[in-house]
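Encoded as structure tokens, the structure appears first; notes follow it.
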Amino acid sequence: MKTHIIKLLKSLAAVVLFAPTLAIASTEIHLDKAPVSTDQQKLQHGAELFIKHCLNCHSASSVRYTELRKIGFDDQTITDKLLYSDGKIADMMTVAMTRADAEAWFGIAPPDLSVMARAKASESGSGADYLYTYLRSFYKDEHRPTGWNNKTFPNVGMPHAMWDMQGTQTAVEENDGHGGKTVKLVAPPVPGSMSAEKYDEAVADIVSFMVWMGEPGAEKRKFIGIFVIIFLAAYYVLTRRLGHSYWKNIH
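For what it's worth, numbering that gives the first Met the number 0 labels the leading residue of the sequence shown as 0, then goes sequentially.
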């Protein structure tokens, strides 16, 4: 009897431990590799697109406008081109819409995007890969309240904020080979202001900016880290030589 109880407890423990992994595996999605860049010009372009198309509903409340100096913007440019309200350059990148209003209008408040590029990392790919795929996967769906759906995030509540750039994609259902259905995107019957290649480049710039925004000091941290490793390596060599010299005299 005791043996059966132990086996039962082990089985329950296995279910508890591996259930989250199985749930993640069952919802695994295909993500395209995001061409993330640290080029200052691309980051600036991404910042302009992000502020114009994303910051209307989403906040980036962990980042101040002054942080944009780190990617080459001067204060005058930030004030003239990136501050669309009467705010100040030292303000956080927030929106005027309150959480209560957002929940009343959309049913749920749009998430803050400060660290979204890090939060969306999964077994399927990095957070940058997710955002890059997601922003290119919207299609028209008249059954949705907004008129839009997304292959990467089915039944998403967000409309396609950049449809004028990409155009209007449609979707058809196909068999996935496992008895289920999958959505295949069809090239825009209504073209946007950009070609498919140019739109992908624009999305890559936005994603690059969001990756930078998640940790504006990342490049400086990596740069300092190189010198720390060099210092530790040199310190290790010196201490080893000192140790050998010390014990040599003792023996």
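Every residue gets a Cβ at the ideal spot worked out from N, C-alpha and C, and that includes glycine.
- Closest by C-alpha distance to A195, out of Q168, L30, P110, is Q168.
- Taking 7 angstroms as the cut-off, the beta carbon of F49 is found closer than this to the beta carbon of F208.
- DSSP places L112 in the coil class of the three-state scheme, outside both helix and strand.
- In this structure E66 is buried. Its beta-carbon is surrounded by 16 or more other beta-carbon atoms within 10 angstroms.
- Looking at the DSSP output, W147 shares a beta bridge with K139.
- Distance between A116 and P109, taken at the CA atoms: about 15 angstroms.
- Using a Cβ distance threshold of 7 angstroms, S58 and V114 do not count as a contacting pair.
- Distance check between P153 and each of G166, F137, E141 places F137 closest, using alpha-carbon atoms only.
- Just so you know, the alpha carbons of Y131 and G124 end up roughly 11 angstroms apart.
- Boundaries for V202: no beta strand (DSSP E) harbours it, while the alpha helix (DSSP H) harbouring it runs 195–213, taken from the DSSP string.
- When only Cα atoms are considered, H142 and Y198 end up about 26 angstroms apart.
- C-alpha of K69 to C-alpha of H44: approximately 14 angstroms in a straight line.
- Here the alpha carbons of Q75 and D128 stand approximately 33 angstroms from one another.
- Here DSSP, grouped into helix, strand and coil, assigns G166 to strand.
- A buried status is given to D204, since no fewer than 16 other beta-carbon atoms sit within 10 Å of its beta-carbon.
- Put simply, of D79, C56, P158 the residue whose alpha carbon is nearest the alpha carbon of Y64 is D79.
- Beta-bridge partners assigned by DSSP to L184: A170.
- Beyond the five residues adjoining it in sequence on each side, V35 comes within less than 7 angstroms, by CB distance, of A127, V206, S207, V210 in the same chain, given in chain order.
- Proximity to V182 across M161, T238, A170, I229 peaks at A170, based on C-alpha coordinates.
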